[in-house]
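Per the working numbering, the sequence shown starts with residue 62, numbered consecutively. Beta carbons are placed, not taken as given, at the ideal position from N, Cα and C, and that holds for glycine.
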Amino acid sequence: MSKIDYCCTMGEAKHRSRSKAEILKGKPRCIYCENPASTVEHMPPKCMFTKGQRLSGLEFATCLACNNGTRGADVVAAVFARLRMMPNRDDPLFREALAYRPTVMARAPGVWEEFTHPARNRQVLRPSHGGILQPAVEVTTDGPILRGYLDAFSAKLGLALYREHTGHALPLHGTVTFSWFLNAGLSQKYADNIIRILPAYGILKQGKYNSVGKFGYRYNSDNKSLVASLVHFYDGLYIFSIASCMPELNNILTSWPKSKTIKPGELLTLIPPAPTRIPILG
Numbered sequence: 062m063s064k065i066d067y068c069c070t071m072g073e074a075k076h077r078s079r080s081k082a083e084i085l086k087g088k089p090r091c092i093y094c095e096n097p098a099s100t101v102e103h104m105p106p107k108c109m110f111t112k113g114q115r116l117s118g119l120e121f122a123t124c125l126a127c128n129n130g131t132r133g134a135d136v137v138a139a140v141f142a143r144l145r146m147m148p149n150r151d152d153p154l155f156r157e158a159l160a161y162r163p164t165v166m167a168r169a170p171g172v173w174e175e176f177t178h179p180a181r182n183r184q185v186l187r188p189s190h191g192g193i194l195q196p197a198v199e200v201t202t203d204g205p206i207l208r209g210y211l212d213a214f215s216a217k218l219g220l221a222l223y224r225e226h227t228g229h230a231l232p233l234h235g236t237v238t239f240s241w242f243l244n245a246g247l248s249q250k251y252a253d254n255i256i257r258i259l260p261a262y263g264i265l266k267q268g269k270y271n272s273v274g275k276f277g278y279r280y281n282s283d284n285k286s287l288v289a290s291l292v293h294f295y296d297g298l299y300i301f302s303i304a305s306c307m308p309e310l311n312n313i314l315t316s317w318p319k320s321k322t323i324k325p326g327e328l329l330t331l332i333p334p335a336p337t338r339i340p341i342l343g
């Protein structure tokens, strides 16, 4: 179960998918950099959902370089979002994650080999939801290749939600600060502390369908210059980000542990180069 609760009743939404022409109307800037937009980005991406069956909403104008250059980050996030704390081979999400292996190896070279390396895995006993100790594999996920791709995905998400809730792309002098957590990495206590300052909620909704349990987020925004959010994808991936165009906040927003900060135009610098060898430990 997600650590993010939704305290409001969710009703149906008459939401239609916008056409590419509508999204690109007015020749907007790419939400990730200074270049003119020429294509449409879905954030979260279609690969985050079973068989790519994504509901409408959260569609953004981007340039081809940012869209194509971060496809590896999208599929890496889609895999790790599906990895629960206690997965088993009968879990449909676990099977979906394994099915993405060829795509990960093609679009994000080195990620799969890095996190499955024997030096990063150890056998442990973990309590199940019923409190019974069960054997599990604990994976160290601090490798530089994986970290780079999840950093890029987290930055994309923060920039996209800024655009969604302010109505404009983050100005080039603005910053997005972010950190990500994989299944057991985000405690309920820490999540609760963040949620206290994030009263609003967001999901994808289309008619009688919604993305609850798959994707949702809590957020706070002044609707013009600041967006803070805690996002979950299934039970496997959580992302906390704050995006702001106010210079006086930029230094303050880089202060929490294990966070990174970038400006628009720096997104692709987070993507790791294809490795010549796989680091055993980062």
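Bridge partners for residue i per DSSP, in chain order?
i: Arg115; result: Looking at the DSSP assignment, Arg115 forms no beta bridge with any residue, so it has no partner.
i: Ser290; result: Tyr280, Ser302
i: His226; result: For His226, which the question treats as bridged, DSSP gives no partner whatsoever.
i: Thr202; result: Paired residue(s): none; Thr202 is not in a bridge.
i: Ala138; result: DSSP output for Ala138 lists no bridge partner at all.
i: Leu154; result: Per DSSP, none; premise fails for Leu154.
i: Lys321; result: Phe239
i: Val101; result: Ala122
i: Tyr262; result: Arg279
Under the assumption that residue i contacts residue j (Cβ atoms under 8 angstroms), give the Cβ distance between them as a whole number of angstroms.
i: Ile344; j: Pro336; result: Given that the chain is displayed from residue 62 to residue 343, the structure contains no residue 344 and the question cannot be resolved.
i: Phe155; j: Arg143; result: 7 angstroms
i: Ala221; j: Leu331; result: That pair is no contact at about 15 angstroms.
i: Leu298; j: Ala82; result: That belief does not hold up - the Cβ atoms of Leu298 and Ala82 are roughly 32 angstroms apart, past 8 angstroms.
i: Phe294; j: Phe276; result: 6 angstroms
i: Ile256; j: Leu291; result: 6 angstroms
Tell me whether residue i sits in a helix, a strand or coil according to DSSP, three-state version.
i: Thr337; result: coil
i: Tyr280; result: strand
i: Arg90; result: strand
i: Trp241; result: strand
i: Gly246; result: helix
i: Asn96; result: coil
i: Cys68; result: Because the pLDDT of Cys68 is 48, which lies under 50, any placement of that residue in the model is unreliable, and the number read from its coordinates should be weighed accordingly. It is coil, neither helix nor strand.
i: Gly268; result: strand
i: Tyr161; result: coil
i: Gly326; result: coil
i: Tyr295; result: coil
i: Val172; result: helix
i: Leu370; result: The structure shown has nothing for residue 370, since the chain only spans 62 to 343.
i: Phe110; result: coil
i: Pro232; result: coil
i: Ile255; result: helix
i: Ser215; result: helix
i: Ile84; result: helix
i: Leu207; result: helix
i: Leu331; result: helix
i: Leu220; result: helix
i: Arg132; result: helix
Identify which residue in the options has its Cα closest to the Cα of residue i.
i: Gly209; options: Arg143, Pro333, Ala82, Phe242; result: Pro333
i: Ala98; options: Ser80, Lys112, Phe121; result: Phe121
i: Val172; options: Gly133, Leu222, Tyr251, Lys285; result: Gly133
i: Leu233; options: Glu174, Ser80, Ser305; result: Ser305
i: Leu231; options: Asn284, Leu243, Pro179; result: Asn284
i: Leu310; options: Asn129, Ser286, Asp253, Glu175; result: Ser286
i: Trp317; options: Tyr251, Glu175, Thr227; result: Tyr251
i: Thr100; options: Gln114, Lys217, Ser80, Lys112; result: Ser80
i: Lys319; options: Gln267, Gly246, Tyr278, Gly228; result: Gly246
i: Lys86; options: Thr123, Pro260, Met307; result: Thr123
i: Phe141; options: Thr177, Leu125, Ala126, Asn128; result: Thr177
i: Ala126; options: His229, Pro179, Gly118, Ile92; result: Ile92
i: Tyr278; options: Gly228, Tyr223, Met307; result: Tyr223
i: Pro89; options: Ile193, Gly228, Leu194; result: Gly228
At the 7 angstroms Cβ level, is residue i part of the contact set with chain C, yes or no?
i: Thr236; result: Here there is only one protein chain, and chain C is not present.
In its own chain, which residues sit with a C-beta less than 7 angstroms from the C-beta of residue i, not counting the 5 before and 5 after it?
i: Ser272; result: Leu116, Ile264, Leu265
i: Val136; result: Cys108, Tyr161, Thr164, Val165, Arg168, Ala169
i: Thr111; result: Glu157
Leaving out five residues before and five after residue i in sequence, what residues of the same chain have Cβ atoms less than 6 angstroms from its Cβ?
i: Gly326; result: Cys94, Glu95
i: Phe242; result: Tyr299
i: Leu345; result: Here the chain has residues from 62 to 343 only, and residue 345 is not among them.
i: His103; result: Glu120
i: Lys324; result: Thr236
i: Gly130; result: Leu329
i: Ser215; result: Phe239, Trp241, Ile300
i: Gln345; result: Because the chain here runs from 62 to 343, residue 345 falls outside it and cannot be looked at.
Apart from the five residues just before and just after residue i, which ones in its own chain have a Cβ nearer than 8 angstroms to its Cβ?
i: Arg145; result: Asp152, Leu154, Phe155, Asn244, Tyr295, Asp296, Gly297
i: His226; result: Tyr280, Ser282, Asn284, Val288
i: Ile258; result: Asn281, Ala289
i: Met71; result: For Met71, the predicted model reports a pLDDT of 37, less than 50, meaning its position is unreliable and no value from the coordinates is stated.
i: Ala261; result: Arg279, Tyr280, Asn281, Ser282
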